[in-house]
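A.B. asks:
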Amino acid sequence: MDERGVRSKARDDIDVLWDDLGAFVRRLRTKRNDHKLTPSQIQALGHLDRQGPLTAKELAKFERVTPQSIAKTVAALEEQGMVTRSSDPSDGRAVLVTMTELGISTLHEDRKKRTEWLAEVVDTECTEAERDLLLIAGRILRRLGQDASPASASTSTSEESLMNP
1 MDERGVRSKA RDDIDVLWDD LGAFVRRLRT KRNDHKLTPS QIQALGHLDR
51 QGPLTAKELA KFERVTPQSI AKTVAALEEQ GMVTRSSDPS DGRAVLVTMT
101 ELGISTLHED RKKRTEWLAE VVDTECTEAE RDLLLIAGRI LRRLGQDASP
151 ASASTSTSEE SLMNP
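And the structure:
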């Protein structure tokens, strides 16, 4: 196979991976609790849970959306009692978004349900080697999904860094 054929095969494989990831995410979304939050709202709560209170601008950056889009998400979460908005003590012009107890418990219940489902599926459907590969693939996908400037990005990742979270 010539170089162009190899590149074409690689693109075909990536197309299949894209479809596989989409199918998995769609199935995982069916395992949510009946809280009526959108995937974007759950994602925003997840960022707040991991990072703590954030300005709307910081949250938009994490979500990779426009300030207008995050404003709608935050407004909907606030209306449902999941977050509060207040002035940022370090910059009175900025809005600080903080999770409420309801937001924390809703997110944790949602995660618990999805984690229980995934653990059961992996235990029943995967070999130990497949499980290990999934965990490695998850770390690779997280790394690929993070912003990194070309200057700070590592050109090689050791096997050890993939094997150990």
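Each residue of the sequence shown is one higher than the one before, starting from 1 at the first, in our numbering.
Ideal Cβ placement from N, Cα and C applies to all residues, glycine included.
1) Assign ASP110 to one of three DSSP states: helix, strand, or coil.
2) So the beta strand (DSSP E) VAL74 belongs to, where does it begin and stop?
3) State yes or no: is the C-beta of VAL97 within less than 7 Å of the C-beta of VAL83?
4) Assign ASP110 to buried or exposed, taking buried as 16 or more other Cβ atoms, counted over all protein chains shown, within 10 Å of its Cβ.
5) Are ALA119 and THR55 touching if we call contact CB-CB under 7 Å?
6) In terms of residue numbering, what span does the beta strand (DSSP E) encompassing SER90 cover?
7) Residues in its own chain within less than 7 Å of GLN43 by CB, not counting five upstream and five downstream?
8) Measuring only the C-alpha atoms, how far is LEU48 from VAL121?
9) Measure the Cβ-Cβ separation of SER105 and THR73 and say whether it is below 7 Å.
C.D. replies: On the basis of the coordinates in this document:
1) Working through the sequence shown from its first residue, we reach residue 110 at position 110. Looking at ASP110 - three-state DSSP - the assignment turns out to be helix.
2) Indexing the sequence shown from 1 puts residue 74 at position 74. First-last for VAL74: 67–79, but that is the alpha helix (DSSP H), not the beta strand (DSSP E).
3) Residue numbering aside, residue 97 sits at position 97 when the sequence shown is read from its first letter. Residue numbering aside, residue 83 sits at position 83 when the sequence shown is read from its first letter. Going by C-beta atoms, VAL97 is nearer than 7 Å to VAL83.
4) To locate residue 110, count along the sequence shown from 1; it is residue 110. Here ASP110 is buried: its Cβ has 16 or more other Cβ atoms, across all protein chains shown, within 10 Å.
5) The count along the sequence shown starts at 1 and reaches residue 119 at position 119. The count along the sequence shown starts at 1 and reaches residue 55 at position 55. Not a contact, by the Cβ cut-off of 7 Å.
6) The residue given as residue 90 occupies position 90 in the sequence shown. SER90 -> no beta strand (DSSP E), and no H or E assigned at all.
7) Here residue 43 refers to the residue found at position 43 of the sequence shown. The answer, listed in chain order, is GLU63.
8) Translated into positions along the sequence shown, residue 48 becomes position 48. Translated into positions along the sequence shown, residue 121 becomes position 121. Distance between LEU48 and VAL121, taken at the CA atoms: about 28 Å.
9) For the purposes of this step, residue 105 is taken as residue 105 along the sequence shown, with counting starting at 1. For the purposes of this step, residue 73 is taken as residue 73 along the sequence shown, with counting starting at 1. Cβ distance not < 7 Å, so SER105 and THR73 don't count as in contact.
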